[in-house]
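Q: Structure incoming, see below.
Numbering (the numbering used here), first residue to last: 27 to 175.
What follows is the structure, encoded as structure tokens:
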């Protein structure tokens, strides 16, 4: 299993473990991306779907706006609140602008996890950060230096 798939298994499992086990129907976890049609997010969805199969009784709702704006994501999250999903795993277009709507989700018992691009702490319960820009930059320079002629 690739690193990305393992990452999505971890994220889905983390969301599912916060959800009340007494649900008679499948746990609904929404994977909210910055914008649809992006290969990175499509790959994350594939990993989430595989994780859902491994966990069982989990349905993934892959969604996001067509334009990468906070306003569009807020509309998506409001729709998910109305659908009464159990968890929202979101890669945020704006760390602060999404806080009020995500607080509303948490107040209604929805678990909120940010991943990739985080949400401010008060708007989430967990954050999954696969790497940070400092580590990426350091690794790029080290790899380049190690392979100089």
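A virtual CB, placed ideally from N, CA and C, is assigned to each residue, including glycine.
The model shown is predicted, which means the values in this text are computed figures rather than measured ones.
Throw me the rounded Cβ distance for the residue 125 and residue 149 pair, which I believe falls under 8 Å.
A: 4 Å
Q: Contact between the segment 75–84 and the segment 121–137: three or more CB pairs below 8 Å?
A: Counting Cβ pairs under 8 Å, fewer than three are found: no touch.
Q: Have a look at residue 99 and residue 108 and give me their C-alpha separation to the nearest angstrom.
A: 14 Å
Q: Would you report the Cα separation of residue 154 and residue 173, rounded to the nearest angstrom?
A: Their Cα atoms are separated by approximately 31 Å.
Q: For residue 161 and residue 168, I'd like the C-alpha separation in whole angstroms.
A: 10 Å
Q: In terms of residue numbering, what span does the beta strand (DSSP E) encompassing residue 53 cover?
A: Looking at the DSSP string, the run of the beta strand (DSSP E) that includes residue 53 is 53–58.
Q: Note down, in chain order, each residue of its chain lying with its Cβ closer than 8 Å to the Cβ of residue 128, except the 5 sequence neighbours on either side.
A: 103, 114, 116, 138, 145, 149, 150
Q: For residue 96 versus residue 56, is the C-beta spacing smaller than 8 Å?
A: Going by beta carbons, residue 96 and residue 56 fall outside the 8 Å limit.
Q: On the three-state DSSP scale, how would you describe residue 162?
A: Correct three-state label for residue 162: helix.
Q: With DSSP as the reference, label residue 84 as helix, strand or coil.
A: Residue 84 falls in the strand class under three-state DSSP.
Q: At what residue ranges does the segment 116–153 contain a whole run of the beta strand (DSSP E), taking only runs of 3 or more?
A: 137–141
Q: In terms of residues, what are the limits of the alpha helix (DSSP H) holding residue 99?
A: 96–108
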